[in-house]
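Written out below as structure tokens is the structure these notes cover.
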């Protein structure tokens, strides 16, 4: 049988998925997880106002969403104190990263990131034929000096920085991020992934109104706002940058109930405040469980905690495997030496009790 | 100010939107439409079971959707009597068309479609640097012989056919579509857009189990199932073809409530049957309104009716403008001679009463 041939680029790509979903693992193990702590979802859930808005929109789901996303952009503009023309809304940060790479990265164009940083960004770079250059983490932080040097060395068009960082939970203060951006050549765009910014300490986010022109900031309703399943992310940048998305994006890609939910969530900042308290308490509990088991939790500005298992990646992987077998869904960094850690998303007390109960056996079995 | 430069391809693209949304027009005119009959949405709405499933999923929206879309694929496999590996699910047909073009179309690769057919497909072809070759409609039908000849002439990698057709509502019988596919060179993939297949007469859809290997069929929950705002489309094709999507797509692009709604809708075939009756009745009403105003309705296999206004495109455009000014959102074909028509989506009795009341004045004002 003869089939039409994909482009040489697509033909060369592996059939990889950046992340295997917990449902896939549940089907493989034949049982649901007891605790879902692997995807940095927000188990505390969205605001009841977001849920109500989504439910009200369900019966209007026969209508396409407004492709200009006017209402949400206006609300975001008011929330952040900038113009609505400085936003582009997309199908989660994943979707926006795909569009962004498509806009800026042609075959062979250089892109810089950290070795072990967000694999979905790397997936998009490979998918558009870019050449990825990676620098190692330094003391479990993305290494700003090394990233700058690599950008200069490779004449990169994009450099990716997650602040706070995933998968380690570490962060840089705002002034260091601004200095990093200002030191880049103006031909290089900083992709500042701020998926976890809402849970970070004050002083981590550069002021929105002072975003340097060579920076595009990625935000999401998936984490602190608890709407991962609604697929609403947004980017903040110069109108000249964010307007490029309109040339290529799926203008009708956003779900109407998802947009309604995001608007409802944004308008309930009280609920967000309660979520942030719950996240902080949960981070403390995870750290306590780690310490009680003789492990070192890393300080975290995110809705998860990386726990140093104290040995190598093979050991941490055995710990992780045992946790999964015991019904606790967690993930871990991919690259040494960060892969000495496992990564635990914040959870309810019930979730963390499952983790607490499973961890000692996981450590014992990993030793043997 | 120096900014990072988009790729030469993206820099060359216009900042176009394939369709201006009705909300944009409502903001411009300062008032909501009385009848929303321009986007071929299904005003009869989704099944109450789909709405209930979506509402139940709203409080689970903190979880990402299963990136394998296992439940919906299994249900589609059972519904259509084929394997779940013959499906790929995406963010509406628009999203799937974008991925498909990306997979197969490199810079300068030839693609064939009809002049006046779905502009979003053309948008994606331009967006990936393909070269679009168009053939005219013949008697308001997409011209299978001309499409075949153009494929052979240009060595096209893709050929687009919407059956039933949008914007004219015409259709080809299944055996003609199968013969068309079989006559294509095996290096050319037929993109068979079946967005409107549910409202077509028996004998329009080739048997699903006998889809030729060089055909990918696009289906959607946006039309007959009434879930345009949920963004759930799917493609049916050989596993070898549909598996290519996994190399490049946004694996976490689907909303969880949207997938739940689609599953609920698929499982309520009784409701679909009632929708199809309502669509048929509405088509008749639209035809009667046209005839009563001395205009010719085209026979339709879709959830809309193209009405021949009897003069040229400029006249039809004046009719359309007046309808819009009177609060009736409709659209029209872009290309002569099909642009002598206006296109009216099926509506409730109340919707169609607005149209009926507005049309005489629209015709009078268009004459002057």
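Chains as they are written, first to last, in this note's numbering: chain A, 46 to 413; chain B, 46 to 413. Glycine included, each C-beta is placed from N, C-alpha and C at the ideal position.
Against chain A, does residue 151 of chain B count as a neighbour if the rule is that its beta carbon must be under 9 angstroms from one of theirs? yes
Under the assumption that residue 259 of chain A contacts residue 233 of chain A (Cβ atoms under 8 angstroms), give the Cβ distance between them as a whole number of angstroms. 7 angstroms
For residue 272 of chain A, decide whether its Cβ has a neighbour in chain B, counting only Cβ atoms nearer than 9 angstroms. yes
Reduced DSSP secondary structure (H/G/I, E/B, other) of residue 183 of chain A: strand
Run down chain C in chain order and give the residues with a C-beta less than 7 angstroms from the C-beta of residue 297 of chain B. Chain labels in this structure do not include chain C; the protein chains are A and B.
Report yes or no: is there a C-beta of chain B within less than 9 angstroms of the C-beta of residue 154 of chain A? yes
Rank A:291, A:59, A:378, A:236 by C-alpha distance to the C-alpha of residue 114 of chain A and give the top, closest one. A:291
Kindly identify the DSSP beta-bridge partner or partners of residue 341 of chain A. A:353
Closer than 8 angstroms: is that where the CB of residue 202 of chain A sits relative to any heavy atom of the ligand FAD? As presented, the structure is devoid of all ligands, the ligand FAD included, so that no description of it is given.
Count the other C-beta atoms from every protein chain shown that fall within 10 angstroms of the C-beta of residue 124 of chain A, then say buried if there are 16 or more, exposed otherwise. exposed
Against chain A, with Cβ distances strictly below 9 angstroms, would residue 384 of chain B count as a contact? no
Less than 9 angstroms between CB atoms is the rule here; does residue 55 of chain A satisfy it with respect to chain B? yes
Which class does residue 142 of chain A belong to by DSSP, given the choice of helix, strand or coil? helix
Length of the line joining the Cα atoms of residue 299 of chain B and residue 342 of chain B: 38 angstroms
Considering residue 57 of chain A, what are the terminal residues of the alpha helix (DSSP H) in which it resides? 53 to 57
Start and end residues, alpha helix (DSSP H) containing residue 367 of chain A: 358 to 370
Determine the contact status of residue 265 of chain A and residue 111 of chain B, defining contact as a CB-CB distance below 9 angstroms. no
Is the distance from the Cβ of residue 165 of chain B to the Cβ of residue 187 of chain B below 9 angstroms? no
Name the chain B residues that come within less than 9 angstroms of residue 69 of chain A, Cβ to Cβ? 111, 112, 113, 115
Residue 204 of chain A, DSSP secondary structure in three states: strand
Cβ-based contacts, 9 angstroms cut-off: residues of the segment 241 to 265 of chain B near chain A: 258, 259
Could you list the residues in the segment 279 to 291 of chain A with a C-beta less than 8 angstroms from some C-beta on chain B, going in chain order? 283, 285, 286, 288, 289, 291
9 angstroms Cβ cutoff, residue 107 of chain A in contact with chain B: yes
Closest by C-alpha distance to residue 274 of chain B, when choosing among B:304, B:294, B:365: B:304
Close Cβ partners of residue 321 of chain B (< 8 angstroms) along its chain, the five nearest in sequence each way excluded: 243, 244, 269
Quick check: what's the CA-CA separation for residue 220 of chain A versus residue 256 of chain A? 11 angstroms
As a quick exercise: from B:398, B:362, B:308, pick the residue whose alpha carbon is nearest that of residue 94 of chain B. B:308
Cutoff 9 angstroms: residue 87 of chain A Cβ touching any chain B Cβ: yes
Do you know how far the Cα of residue 132 of chain A is from the Cα of residue 286 of chain A? 10 angstroms
May I have the straight-line CA-CA distance separating residue 89 of chain B from residue 142 of chain B, to the nearest angstrom? 26 angstroms
Across which residues does DSSP place residue 391 of chain B in a beta bridge pair? According to DSSP, residue 391 of chain B bridges with nothing at all.
Cβ-Cβ distance between residue 213 of chain B and residue 237 of chain B below 9 angstroms: no
Name the residue from A:139, A:190, A:198 whose alpha carbon lies nearest to the alpha carbon of residue 177 of chain A. A:198
Do we get a CB-CB distance below 9 angstroms when we pair residue 104 of chain B with the residues of chain A? yes
Please confirm whether residue 128 of chain B has its beta-carbon closer than 9 angstroms to some beta-carbon of chain A. no
Which residues in chain A have a C-beta closer than 8 angstroms to the C-beta of residue 162 of chain B? List them in chain order. The contacting residues do not exist; residue 162 of chain B stays about 17 angstroms from chain A at best.
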